[in-house]
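Residue numbers (my numbering), protein chains in the order written: chain W, 1 to 115; chain D, 116 to 226. All C-beta atoms, glycine included, are put in the ideal place defined by N, C-alpha and C.
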């Protein structure tokens with residue numbers, strides 16, 4: 001039973017570019033949440049997807065957008081990259097609309113470096 | 116907005132000793148979760164507390180949820196080198212659906 005997978009593992013971009021990160025949830029899970037974890041800090045909630053719709057959103061600008069596909073996998077897009085977007089981006093999956101009220105299974109993350 | 120604070124930020128522990136890390140929320144929580152993140156790894160779920168005053172144990176780890184559902188603690192007894200990592204609490208606000216993480220307690224174990 002595969003856990004949460006994310007791609008790519010590492011990514012280097014320059015300011016102003018756009019990036020797309022991908023996540024496949026754990027088998028049987030239908031809810032995907034995205035988090036940004038800066039070095040030495042706790043994960044910060046970006047948004048949550050359920051039934052292909054964004055259900056909850058944290059305090060992130062519109063440059064951060066996402067999508068969920070019918071197979072429950074998800075993408076995180078970040079436009080007009082800033083140096084401050086450098087972080088570990090974590091995807092977490094769970095089951096049901098109550099999503100974050102249940103155990104979150106985290107993927108290994110994508111390390112994004114913006115130069 | 117909701118804030119979750121953890122203290123201490125760093126914990127240096129002699130192997131075999133006990134320690135406690137504390138988590139405080141600015142708002143009442145519907146539940147609180149604890150995660151452990153090893154260096155270079157990702158957060159791994161440890162436990163969820165839902166009821167006021169709830170206490171749960173996992174071997175050497177004891178988790179407690181405060182009576183007012185605004186604070187929680189994690190107590191580790193007889194610390195081992197395998198306990199190294201960062202322990203995060205994460206709370207869901209009552210009537211909310213966002214998981215807010217604390218800043219974590221980074222645990223270093225001296226053999």
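{"Item": "Residue 219 of chain D and residue 140 of chain D - do their beta-carbons sit closer together than 8 Å?", "Value": "no"}
{"Item": "Anything in the region 153 to 170 of chain D with a Cβ closer than 8 Å to a Cβ of chain W? List those residues in chain order, please.", "Value": "156, 157, 158, 159, 160, 163"}
{"Item": "Could you give the residue range of the beta strand (DSSP E) that holds residue 27 of chain W?", "Value": "First-last for residue 27 of chain W: undefined, no H or E at that position."}
{"Item": "Please report the distance separating the alpha-carbon of residue 118 of chain D from that of residue 67 of chain W.", "Value": "27 Å"}
{"Item": "Kindly indicate the opening and closing residues of the beta strand (DSSP E) around residue 122 of chain D.", "Value": "119 to 122"}
{"Item": "How close, in whole Å, do the beta carbons of residue 22 of chain W and residue 37 of chain W come, if the pair is a contact with beta carbons under 8 Å?", "Value": "With a Cβ gap of about 17 Å, residue 22 of chain W and residue 37 of chain W do not count as contacting."}
{"Item": "In chain D, what lies closer than 8 Å to residue 59 of chain W by C-beta?", "Value": "116"}
{"Item": "Kindly give me the distance between the Cβ atoms of residue 103 of chain W and residue 160 of chain D, rounded to whole angstroms, as I take these residues to be in contact under 8 Å.", "Value": "5 Å"}
{"Item": "From residue 76 of chain W to residue 96 of chain W, what does the alpha carbon distance come to, in whole angstroms?", "Value": "20 Å"}
{"Item": "With C-beta atoms as the reference, is residue 118 of chain W less than 8 Å away from residue 114 of chain W?", "Value": "Only positions 1 to 115 of chain W appear in this structure, which leaves residue 118 of chain W out of reach."}
{"Item": "Does any CB atom of chain W fall closer than 8 Å to the CB of residue 217 of chain D?", "Value": "yes"}
{"Item": "Cα separation between residue 126 of chain D and residue 142 of chain D?", "Value": "26 Å"}
{"Item": "In chain order, what residues of the same chain have a beta carbon less than 6 Å from the beta carbon of residue 184 of chain D, not counting five sequence neighbours either side?", "Value": "143, 144, 167"}
{"Item": "Taking the straight line between their C-alpha atoms, what separation do you get for residue 130 of chain D and residue 20 of chain W?", "Value": "43 Å"}
{"Item": "Verify whether the separation of the beta carbon atoms of residue 155 of chain D and residue 42 of chain W is less than 8 Å.", "Value": "no"}
{"Item": "Under 8 Å between C-beta atoms, does residue 145 of chain D make it to chain W?", "Value": "yes"}
{"Item": "Cβ atoms of residue 10 of chain W and residue 111 of chain W: under 8 Å apart, would you say?", "Value": "yes"}
{"Item": "Taking just the CA atoms, how far does residue 224 of chain D sit from residue 87 of chain W?", "Value": "26 Å"}
{"Item": "I'd like to confirm the pairing. Which residues does DSSP put opposite residue 72 of chain W in its beta bridges?", "Value": "In DSSP, residue 72 of chain W forms no bridge with anything."}
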